[in-house]
Amino acid sequence: MTPAAADPLALPRSARLVAWGNAVLAGAASLDEAAAEVVAGDDLHRVRAADDVPVGLAGLDDGEVGLTLALGTLRAAGVTGLRLVLPAPGDAAGLPGPPAFNAPAVLAGEAVLTDGGARPVGLVPDVQALGSSGTAVRWGAYAVAAPRVGDLPPLAEAERELAGAVRAATELLSRLDVARSDPAALAEVARAREGAGDGLAPGYPARAHRVMAQARLVLAVAAIARRSPGGAATAGEAAARLGALAPLDRAGRRAVAAACNAVLEPARD
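In terms of the working numbering, the sequence shown is residues 2 to 270.
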């Protein structure tokens, strides 16, 4: 299994599936439109029960199906929403278990959980090379425990966490000069600032769009900074840079998840 995105600007495939799957479930997008948006630059996406262990949904237990049929199957089964989880080694917040699902989700760095329906289902993408330049994504469907909603912050809290992490990291990263003497890193940062966007589907609130765009930019800059030696001249400075980037990365991941999950939050007066 391969982590989803080498490009620091790429939106995780699970985020695309959650955003456009929720648009389908809300009646804001068609099945075909959503499937096309999720597949994006890949060649194909297929869904089936992971390791041939039934999840209790006929469309997924009977063999490999395309995204259009898979989304239709979830809707017909009474699923009312999809949730995004972006785990990392040492940070499994939001993963409900069992270990047979959590382990591949952490390895992939992403997963989708269903809300509603008779039984919760988790989906994990396995990204594979297809020929010399293509990409195939096979989503493994797992029977999982109920989503651990309280493990992840709501949108407003995630936005505050992200702002705090940015403030805490800015001074140190500026002092250590993240991209000095690395023109390629400087160019990537400029591209991130110009093109992060948000990637959300119709039906999301304005705040979710704003938080998603900020979080994607933060994650892109953190990824670029992690690869670049910058102005850190000593091993201690390099370790300090990585230490500053870790909470930034965590806050960015939590904010992306909160933005994608925003449509599932209770309405506020």
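Glycine is no exception: its CB is placed at the ideal position from the N, C-alpha and C atoms. Everything numeric in this text was worked out from a predicted model, so none of it was measured.
Limits of the unbroken beta strand (DSSP E) element including ASP127: ASP127 -> beta strand (DSSP E) spans 122–131.
Helix, strand or coil at ALA159 [DSSP, three-state]: The three-state secondary structure of ALA159, taken from DSSP, is helix.
Rounded straight-line distance, which links the Cα of ALA106 to that of GLN215: Cα-Cα distance, rounded: 24 Å.
Limits of the unbroken beta strand (DSSP E) element including LEU58: First-last for LEU58: undefined, no H or E at that position.
Close beta carbons around ASP250, own chain, < 7 Å, minus the five adjacent residues each side: Result list for ASP250: LEU220, ALA223, in chain order.
Local conformation of GLY28 per DSSP, three classes: Three-state DSSP puts GLY28 in coil, outside helix and strand.
Sequence-distant residues of the same chain with beta carbon closer than 7 Å to GLU266, five excluded per side: In chain order, PRO155, LEU156 place their CB closer than 7 Å to the CB of GLU266, counting only its own chain and leaving out the 5 sequence neighbours on each side.
Three or more C-beta pairs below 8 Å linking the stretch 122–136 and the stretch 24–38: Two segments are said to touch when three or more pairs of C-beta atoms, one from each, lie closer than 8 Å; by this definition the stretch 122–136 does not touch the stretch 24–38.
Pairwise C-alpha distance: THR69 and ASP33: Straight-line Cα distance between these residues: approximately 6 Å.
Sequence-distant residues of its chain with Cβ nearer than 8 Å to LEU243 (five each side left out): Once the five neighbours on either side are set aside, the close Cβ partners of LEU243 are ARG227.
Nonlocal neighbours in the same chain, by C-beta distance under 8 Å from ALA256, ignoring five residues either side: Excluding residues within five positions, the ones whose Cβ falls inside 8 Å are ALA159, GLU160, GLU162, LEU163, VAL212, MET213, GLN215, ALA216, VAL219.
Buried/exposed call for ALA258, threshold 16 Cβ in 10 Å: The residue is buried, with at least 16 neighbouring Cβ atoms inside 10 Å.
Inter-residue Cα distance where the pair is ALA51 and PRO100: Between ALA51 and PRO100, the alpha-carbon positions lie close to 13 Å from each other.
Whole-angstrom distance between ALA247 and GLY67, CA atom to CA atom: When rounded, the distance between both Cα atoms is 36 Å.
Other residues of its chain near ALA30: CB distance less than 7 Å, five sequence neighbours each side excluded: For ALA30, where only same-chain residues beyond five positions count, the Cβ hits under 7 Å are TRP21, ALA24, ALA202, PRO203.
Sequence-distant residues of its chain with Cβ nearer than 8 Å to ALA78 (five each side left out): Excluding positions up to five away in sequence, the list reads LEU58, GLY118, ALA119.
Spatially closest choice to ALA71 from LEU85, VAL86, THR115, by CA coordinates: Ranked by how close their Cα comes to the Cα of ALA71, the residues LEU85, VAL86, THR115 have THR115 in first place.
LEU87 versus CYS261: straight-line alpha-carbon distance, rounded: C-alpha separation (whole angstroms): 11 Å.
Close beta carbons around ASP62, own chain, < 7 Å, minus the five adjacent residues each side: Here the set comprises ALA50, PRO55, VAL56.
Host beta strand (DSSP E) of ALA50 (start-end): Looking at the DSSP string, the run of the beta strand (DSSP E) that includes ALA50 is 45–50.
Residues near PRO148 by beta carbon distance below 6 Å, same chain, minus five either side: Its chain contains ARG84, PRO97, LEU114 as the residues whose beta carbon lies nearer than 6 Å to that of PRO148, once the 5 sequence neighbours on both sides are disregarded; these appear in chain order.
Alpha-carbon to alpha-carbon, LEU18 and LEU26: Distance between the alpha carbons of LEU26 and LEU18 is about 12 Å.
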